[in-house]
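Protein chains: 2
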Amino acid sequence: VKIGVFDSGIGGLTVLSALMKIAPGHDYLYLGDTARVPYGTRSATTVVRYSLSVASQLALEDVNCIVVACNTASTYALAALETACAPLGIDVIGVIKPGVTAALNAYTQGAIVVLGTEGTIRGKAYQHALMAARPNLDVTGIACPLFVPLAEEGWTDGEIPAAVAERYLRPILTQSGVVILGCTHYPLLIPVLNQVLPNATLIDSATATAHVVAQRFGKQERPGSISFQVTDHIDRFCRVGTRFLGLEPTQVTWVDLVAPSGTFAEVLSTYMEQSSS
Amino acid sequence: VKIGVFDSGIGGLTVLSALMKIAPGHDYLYLGDTARVPYGTRSATTVVRYSLSVASQLALEDVNCIVVACNTASTYALAALETACAPLGIDVIGVIKPGVTAALNAYTQGAIVVLGTEGTIRGKAYQHALMAARPNLDVTGIACPLFVPLAEEGWTDGEIPAAVAERYLRPILTQSGVVILGCTHYPLLIPVLNQVLPNATLIDSATATAHVVAQRFGKQERPGSISFQVTDHIDRFCRVGTRFLGLEPTQVTWVDLVAPSGTFAEVLSTYMEQSSS
Numbered sequence: 019v020k021i022g023v024f025d026s027g028i029g030g031l032t033v034l035s036a037l038m039k040i041a042p043g044h045d046y047l048y049l050g051d052t053a054r055v056p057y058g059t060r061s062a063t064t065v066v067r068y069s070l071s072v073a074s075q076l077a078l079e080d081v082n083c084i085v086v087a088c089n090t091a092s093t094y095a096l097a098a099l100e101t102a103c104a105p106l107g108i109d110v111i112g113v114i115k116p117g118v119t120a121a122l123n124a125y126t127q128g129a130i131v132v133l134g135t136e137g138t139i140r141g142k143a144y145q146h147a148l149m150a151a152r153p154n155l156d157v158t159g160i161a162c163p164l165f166v167p168l169a170e171e172g173w174t175d176g177e178i179p180a181a182v183a184e185r186y187l188r189p190i191l192t193q194s195g196v197v198i199l200g201c202t203h204y205p206l207l208i209p210v211l212n213q214v215l216p217n218a219t220l221i222d223s224a225t226a227t228a229h230v231v232a233q234r235f236g237k238q239e240r241p242g243s244i245s246f247q248v249t250d251h252i253d254r255f256c257r258v259g260t261r262f263l264g265l266e267p268t269q270v271t272w273v274d275l276v277a278p279s280g281t282f283a284e285v286l287s288t289y290m291e292q293s294s295s
Numbered sequence: 019v020k021i022g023v024f025d026s027g028i029g030g031l032t033v034l035s036a037l038m039k040i041a042p043g044h045d046y047l048y049l050g051d052t053a054r055v056p057y058g059t060r061s062a063t064t065v066v067r068y069s070l071s072v073a074s075q076l077a078l079e080d081v082n083c084i085v086v087a088c089n090t091a092s093t094y095a096l097a098a099l100e101t102a103c104a105p106l107g108i109d110v111i112g113v114i115k116p117g118v119t120a121a122l123n124a125y126t127q128g129a130i131v132v133l134g135t136e137g138t139i140r141g142k143a144y145q146h147a148l149m150a151a152r153p154n155l156d157v158t159g160i161a162c163p164l165f166v167p168l169a170e171e172g173w174t175d176g177e178i179p180a181a182v183a184e185r186y187l188r189p190i191l192t193q194s195g196v197v198i199l200g201c202t203h204y205p206l207l208i209p210v211l212n213q214v215l216p217n218a219t220l221i222d223s224a225t226a227t228a229h230v231v232a233q234r235f236g237k238q239e240r241p242g243s244i245s246f247q248v249t250d251h252i253d254r255f256c257r258v259g260t261r262f263l264g265l266e267p268t269q270v271t272w273v274d275l276v277a278p279s280g281t282f283a284e285v286l287s288t289y290m291e292q293s294s295s
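Protein chains in written order, with my numbering: chain A, 19 to 295; chain B, 19 to 295.
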């Protein structure tokens, strides 16, 4: 099966890394929209527009399935992507539903806290999905914008990330309960988060999503292939991406994203009409 | 005089703030490309392409002058912007030359250090301009990516920004000499930088650029007007921008940047041919 993995930039490589371990043997094409990263601070409209142009490019590559690795894109654009992909027979799998299911499975008592970008937290997709499943659940979202540049700088241990985490997580430092890592960058900070939140159970949406892909498409014995497309320079993607993927990305090509075409253009046009009215 | 102030996002509001104080009475139109911010981690080609599309929009608004407030755009795109603007009679003023002149005026002995984004430091525009003026100068560039999200979060004093600054600036902590703030976000960190670098003289390119504009176009007694265009949502721009401008932006409209037209399209096409050959 040919599986497109779509992310705003480099962070989704943690999802690809989980896919390679948990659902090996498929042909993975990772597209990082590095010319327009990050999606996490952008408006819903902009995230939908960017997501449709990325998915339109993946459809041109004849993928059978698109994994929306970016939490902010999953928050705002999943419905639009499903509508555009359905007539083409392309499956769409976001990271939020798998993360929510894994969190509910791990949950025993106390609160559930979602950590993510400004966009993911403001969009409340995790919060709504959790409350839909268990209406009386105590759910809190905390936006942690500094976590992304800390992960990209490789400052993932020592005094600085601990101080930043303590500042964001001050209201929940001693809480037990479940904490969802609702951003692809955050798995790099798991050691520091375990230290700052000693009583919490951390749920990584990347791993949960990889299990959903393995359930749907199985694992294969064949080696499978992995290739990459990025919309900005390849050298930074490879340099910083190595920390996220666990190995250096190879077979990386640059693509120019043009306006979405076909069903993607139709969905965008409908969305823009609705959001302006 | 109608002056367009172009920035990748919110940071250039420190330049606008300096312009309002030092060169008052003009009609300022600030354009923040918030849908594609930050430019600081992008490739030269992408920065040139984005800069030409922003300037093309400002030209449609009949500005007489474009102040390129973004250091990364000034680093990579100034020549392209000058070439495209010259036939239209639009002046182009970047932040680097004014910053370099101010640094050389303040310089007595020791080293000159430039702080900036990855793109600004890698592009070496400050370093080259300084060395062109004084070939034997000891010039160092230090990229400080965490400074931007710290400024946008408003974490500009206390333990965390001090620890981050000490980590980036470890090689120069006790040095005297001149330190150029080569990113529009960094003036918000001046108190912490003064504390971490007690012997250095800080040079703020924003203020230096405002003096160049005042020299060229004078100050006017009339009140002047200020308006804003952004390419992504207005609410975040106003909320975060208030800290940068010193007052809340009003008269903010959303614009969609289309492909550059006229001389901007011609310059882009020439640039793309040259950079791919």
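Glycine included, each C-beta is placed from N, C-alpha and C at the ideal position. All of these numbers come straight from a predicted model, not from anything done at the bench.
Flagged as an interface residue toward chain B: glutamate 136 of chain A, by a C-beta distance shorter than 9 Å. Contact annotation: serine 26 of chain A and cysteine 88 of chain A have beta-carbon atoms nearer than 9 Å.
Chain-order list of chain B residues neighbouring histidine 44 of chain A: empty, with the shortest C-beta distance near 30 Å, by a criterion of under 9 Å.
Of the other Cβ atoms in all chains shown, fewer than 16 fall within 10 Å of the Cβ of leucine 78 of chain A; this residue is therefore exposed. Using a 10 angstroms sphere on the CB of alanine 97 of chain B, the tally of other CB atoms stays under 16, which defines it as exposed. Contacts between serine 61 of chain B and chain A, judged by CB atoms closer than 7 Å, involve Asp250 and His251 in chain order. Distance between proline 267 of chain B and phenylalanine 246 of chain B, taken at the CA atoms: about 7 Å.
The beta carbon of valine 258 of chain A is closer than 6 Å to those of Ile28 and Glu170 in its chain, skipping five residues each way along the sequence.
Residue environment analysis places glycine 50 of chain B among the buried positions, since at least 16 neighbouring C-beta atoms fall within 10 angstroms of its C-beta. Each of A/Thr158, A/Leu206 and A/Val285 was checked against the Cα of glycine 172 of chain A, and the nearest Cα belongs to A/Leu206. By the neighbour-count definition (other C-beta atoms within 10 Å, threshold 16), aspartate 156 of chain B is an exposed residue. Chain-order list of chain A residues neighbouring glutamate 171 of chain B: Pro163 and Leu164, by C-beta distance under 9 Å. When the five nearest sequence neighbours on each side are left out, the beta carbons in the same chain lying within less than 6 Å of the beta carbon of alanine 226 of chain B are those of Pro116, Gly117 and Ala120, in order along the chain. The secondary-structure analysis by DSSP pairs leucine 47 of chain A across a beta bridge with A/Gly22 and A/Ser245.
Distance check between valine 270 of chain B and each of B/Leu37, B/His203, B/Phe282 and B/Val248 places B/Val248 closest, using alpha-carbon atoms only. Taking one beta carbon from each stretch, the segment 126–137 of chain B and the segment 194–214 of chain B have 3 or more pairs nearer than 8 Å; the two touch. Straight-line spacing of the CA atoms in valine 230 of chain B and methionine 290 of chain A works out to 42 Å. For valine 210 of chain B, the number of other beta carbons within 10 angstroms of its own is at least 16, and it is reported as buried. Straight through space, the alpha carbons of phenylalanine 24 of chain B and proline 56 of chain B are spaced by roughly 13 Å. Distance from the CA of proline 179 of chain B to the CA of alanine 183 of chain A, rounded to the nearest whole angstrom, comes to 14 Å. In this structure, glycine 43 of chain A places its C-beta atom within 9 Å of the C-beta atom of lysine 237 of chain A. Looking at the DSSP output, leucine 199 of chain B sits in a beta bridge with B/Leu133 and B/Asp222.
Contact residues of the segment 175–198 of chain B toward chain A are Glu177, Ile178, Ala181, Val182 and Arg185 (C-beta to C-beta distance below 7 Å).
Contact between alanine 232 of chain B and isoleucine 108 of chain B does not hold, since the beta-carbon distance rounds to 19 Å and is not under 8 Å.
Contact between alanine 102 of chain A and leucine 70 of chain A holds: their C-beta atoms lie close to 6 Å from each other, under 8 Å. Taking 7 Å as the upper bound on Cβ-Cβ separation, chain A lies near residues Ala53 and Arg54 of the segment 45–58 of chain B.
Between the beta-carbon of alanine 161 of chain B and that of isoleucine 190 of chain B there is about 14 Å, and that puts the pair past the 8 Å contact cut. Assigned with DSSP and collapsed to three states, glycine 128 of chain A falls in coil, not helix or strand.
Your pair glycine 58 of chain A and threonine 90 of chain A checks out as a contact, with CB atoms roughly 5 Å apart and the cut at 8 Å. When DSSP reads this structure, valine 110 of chain A sits in a beta bridge with A/Ile84. Taking the C-beta atoms as reference points, histidine 251 of chain B is found no nearer than 9 Å to arginine 254 of chain A. Going by DSSP, valine 210 of chain A is part of the alpha helix (DSSP H) stretching over 208–214.
Scanning chain A for C-beta atoms nearer than 9 Å to the C-beta of proline 267 of chain B yields nothing, as the closest lies near 16 Å away. Residue-level contact by beta carbon fails for arginine 261 of chain B and chain A, as no gap is shorter than 9 Å.
In the three-state DSSP reduction, threonine 93 of chain A falls in the helix class (H, G or I).
Each of A/Pro163, A/Gln193, A/Thr64 and A/Ala181 was checked against the Cα of serine 294 of chain A, and the nearest Cα belongs to A/Thr64.
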